[in-house]
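Chemist:
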Amino acid sequence: MFILSSIRTELVNRFVRSRLGGLWMIINPLAQVLMYALILSAILSAKLPGIDHRFAYAIYLTAGILAWTMFSEVVGRCLTMFIDNANLLKKLVFPRICLPAVITGSALLNAVLLFLAVCLVFGVLGHFPNVHFVWLPLLFLLNLTLALGLGLALGVLNVFVRDVGQITQLALQYGFWFTPIVYMPAIIPEQLRFLLMFNPMYWIVVGYQNVLVFSAPPPVGGLIAVGLLALLLILFSLFIFRRAAAEMVDVL
Numbered sequence: 000m001f002i003l004s005s006i007r008t009e010l011v012n013r014f015v016r017s018r019l020g021g022l023w024m025i026i027n028p029l030a031q032v033l034m035y036a037l038i039l040s041a042i043l044s045a046k047l048p049g050i051d052h053r054f055a056y057a058i059y060l061t062a063g064i065l066a067w068t069m070f071s072e073v074v075g076r077c078l079t080m081f082i083d084n085a086n087l088l089k090k091l092v093f094p095r096i097c098l099p100a101v102i103t104g105s106a107l108l109n110a111v112l113l114f115l116a117v118c119l120v121f122g123v124l125g126h127f128p129n130v131h132f133v134w135l136p137l138l139f140l141l142n143l144t145l146a147l148g149l150g151l152a153l154g155v156l157n158v159f160v161r162d163v164g165q166i167t168q169l170a171l172q173y174g175f176w177f178t179p180i181v182y183m184p185a186i187i188p189e190q191l192r193f194l195l196m197f198n199p200m201y202w203i204v205v206g207y208q209n210v211l212v213f214s215a216p217p218p219v220g221g222l223i224a225v226g227l228l229a230l231l232l233i234l235f236s237l238f239i240f241r242r243a244a245a246e247m248v249d250v251l
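Taking numbering that gives the first Met the number 0, the leading residue of the sequence shown gets 0, the next gets one more, and so forth.
1. Residue 201 by DSSP, collapsed to three states: which one?
2. Output the boundary residues of the alpha helix (DSSP H) element that contains residue 86.
3. Check the C-beta distance from residue 323 over to residue 208 and give it rounded, since I have them as a contact under 8 Å.
4. What did DSSP end up calling residue 242 once you bin it into helix, strand or coil?
5. Could you give the distance in angstroms between the alpha-carbon of residue 88 and the alpha-carbon of residue 119?
6. Give the single residue among 206, 154, 125 and 178 whose Cα lies nearest to the Cα of residue 140.
7. Here's a check: name, in chain order, each residue in its chain whose Cβ is nearer than 6 Å to the Cβ of residue 232, leaving out the five neighbours to either side.
8. Between residue 77 and residue 153, is the Cβ-Cβ spacing less than 8 Å?
9. Whole angstroms is fine: what's the gap from residue 115's alpha carbon to residue 249's?
10. Considering residue 142, what are the terminal residues of the alpha helix (DSSP H) in which it resides?
11. Below 8 Å, can you find three or more Cβ-Cβ pairs linking the segment 122-139 to the segment 189-198?
12. Measuring CB to CB, does residue 218 end up less than 8 Å from residue 134?
Printed below as a string of structure tokens:
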């Protein structure tokens, strides 16, 4: 009940405090897509093999932004969730693990709403769903699990070492550009392209792009590796969370 009521309260606050309310969680990423599309489409549209469409670059960019938005939102919110809820943690007795659960539920709802908006945009552009859309729930789950495992561990560490928050925000900025979202991997020099394989978000973003853009299945081998990494991160983050839960309240 606490988790559901918290998610509901958060959504109500979004709509009450702003005239556009929760629509901003859709407008912001779509505005980002529009900005990059206007600036870079003329440069990169000729370098998008496999997409025979007038708005090829915008479609490709939208798929990558959809994947990255969920990941960065969960990591960013987990990073400060204990600090932001310090008063709640001190005054109320409740399972601390509810906080990341609230963030997870809220982020998943945001991602679904954004996905529906993306489908609407694709429909307007004349790019329609294909049979490989059945992979999307798995991609959503992997993306969410990876982000939660990483974000929860960083959120715990950020309570004790506040520099972790600054470093993570910087890493997310570099991570965006180290992931093929606004460009295709083919434009990277061949001798450096292998470095992308060590970026877990590379496999997830390529999965989204394959399914949404190229009408192809995601890279299953890479996603299996990401799934194992996400599982290890979840277990590690839960371990350090349980060990540090009591001390966090004192530090906060």
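From the three backbone atoms N, C-alpha and C, an ideal C-beta is built for every residue, glycine too. As the structure is a prediction and not an experimental result, all values here were calculated from the model.
Modeler: From the atom records:
1. helix
2. Per DSSP, the unbroken alpha helix (DSSP H) holding residue 86 starts and ends at 85-90.
3. A question about residue 323 goes unanswered here, because the residues of the chain that appear run from 0 up to 251.
4. The answer is helix: DSSP assigns residue 242 an H, G or I state.
5. 41 Å
6. 206
7. Result list for residue 232: 148 and 149, in chain order.
8. yes
9. Straight-line spacing of the CA atoms in residue 115 and residue 249 works out to 43 Å.
10. Segment 135-159, the alpha helix (DSSP H) holding residue 142.
11. no
12. no
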